[in-house]
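Under full-length UniProt numbering, residues 1 to 315 are what the sequence shown spells out, in order. What follows is a short report on a single structure.
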Amino acid sequence: MKEAIVKTDFNFPNQKNVYKGKVRDVYNINDEYLAMVVSDRISAFDVVLPKGIPFKGQVLNQIAARFLDATADIVPNWKIATPDPMVTVGHLAEPFMVEMVIRGYLTGHAWREYKAGKRTLCGVPLPEGMVENQKFEKPILTPTTKALEGHDEDISREEILAQGLVSEEDYTKLEEYTLALFQRGTEIAAEKGLILVDTKYEFGKKDGKIYLIDEIHTPDSSRYFYTEGYEERLANGEAQKQLSKEFVREWLMENGFQGKEGQEVPDMNEERINQISERYIELYEQIIGEKFVKAEATSVKARIEDNIEACLKEM
């Protein structure tokens with residue numbers, strides 16, 4: 001088992017700065033390109049857990065790269081190259097300060113809100129009498145603010161426009177792109193025996209053009225159910241078999257952690273870490289339909305640095 005990569009500290013030619021998110025280390029190259037290293041860090045409830053998950057970064061990066069390629073006819077995206085299994089290099093775009101969350105089913109955060117009695121989510125009315133994991137008549141858009149720190153917050157279309165976070169013209173395009181991307185992702189998932197339950201997309205603008213940025217259709221940004229057994233489980237009120245990060249959240253909640261003040265992250269022993277790593281690999285193989293090939297596990301940071309530098313020299 002390779003050592004999880006939880007921290008990078010590179011210094012590339014023409015590097016302006018580095019942004020370290022919950023999972024990604026993003027290197028700004030000359031205010032023109034980004035070199036995004038997808039680390040093995042794992043976050044839940046907006047908290048980065050203390051230990052990394054081997055091969056998680058490779059899984060996320062390679063799934064995102066495949067889906068960026070598979071949706072490039074719908075909307076331009078930021079990806080230029082994937083010079084390393086854990087790295088994508090692409091365009092630097094000015095991000096919109098909202099994340100486009102789209103839900104096809106009543107589950108996760110939406111279900112928790114519904115169960116608490118709410119019948120409106122991000123300005124979208126929800127019908128009475130729904131049950132957990134039930135399919136919506138049509139997918140609903142439930143955007144969130146894009147918090148630089150702390151929690152993203154639910155927000156409605158009306159609030160986004162009223163606060164001037166996005167112009168009406170651009171927001172209409174974001175809605176169109178989100179629906180089309182979700183439809184494509186749903187079709188690809190169905191071919192692999194999966195249901196794309198919900199996901200989020202991030203967009204940015206460069207030279208007046210909207211780009212799809214960051215990851216897409218990965219287990220960190222999306223939730224998948226298995227098609228087989230879905231209806232039966234729904235009818236019996238049973239939990240769905242799913243491939244997403246929700247199993248990590250559920251384990252944390254079972255052990256008394258929901259990211260609230262005063263709560264401590266439960267200990268993640270080696271067995272638990274290996275289980276999570278295996279689940280990420282399982283999702284890769286299921287959604288991509290190919291065997292996951294583990295990248296070279298020695299001198300990983302040196303490999304990443306060399307591959308990024310070689311890529312930047314060619315740009």
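Don't be surprised by glycine CBs; every beta carbon is placed ideally from N, CA and C.
Here the alpha carbon of I5 sits roughly 12 Å from the alpha carbon of V87. Between F182 and P219, the beta carbon gap of about 16 Å keeps them out of contact (Cβ cut-off 8 Å). Looking at T142, E228 and R24, the one whose alpha-carbon comes closest to that of K192 is E228. The beta carbon of D198 sits closer than 8 Å to those of V101, I102, R103, G104, Y105, T107, G108, A110, S222 and R223, all from its chain and outside the five residues before and after it, given in chain order. Within the segment 21-108, the complete alpha helix (DSSP H) segments of 4 residues or longer fall at 56-70, listed in chain order. The segment 305-312 and the segment 72-79 do not touch, with fewer than three beta-carbon pairs separated by less than 8 Å. A direct Cα-to-Cα measurement between V37 and Q163 gives close to 33 Å. Just so you know, the alpha carbons of E238 and D9 end up roughly 45 Å apart.
In this structure, DSSP gives D207 a state outside helix and strand, which the three-state scheme calls coil. Among the bridge pairs identified by DSSP, P139 is matched with none.
R157: member of the alpha helix (DSSP H) spanning R157 to A162, first to last residue. DSSP places L179 in the uninterrupted alpha helix (DSSP H) bounded by E168 to E191.
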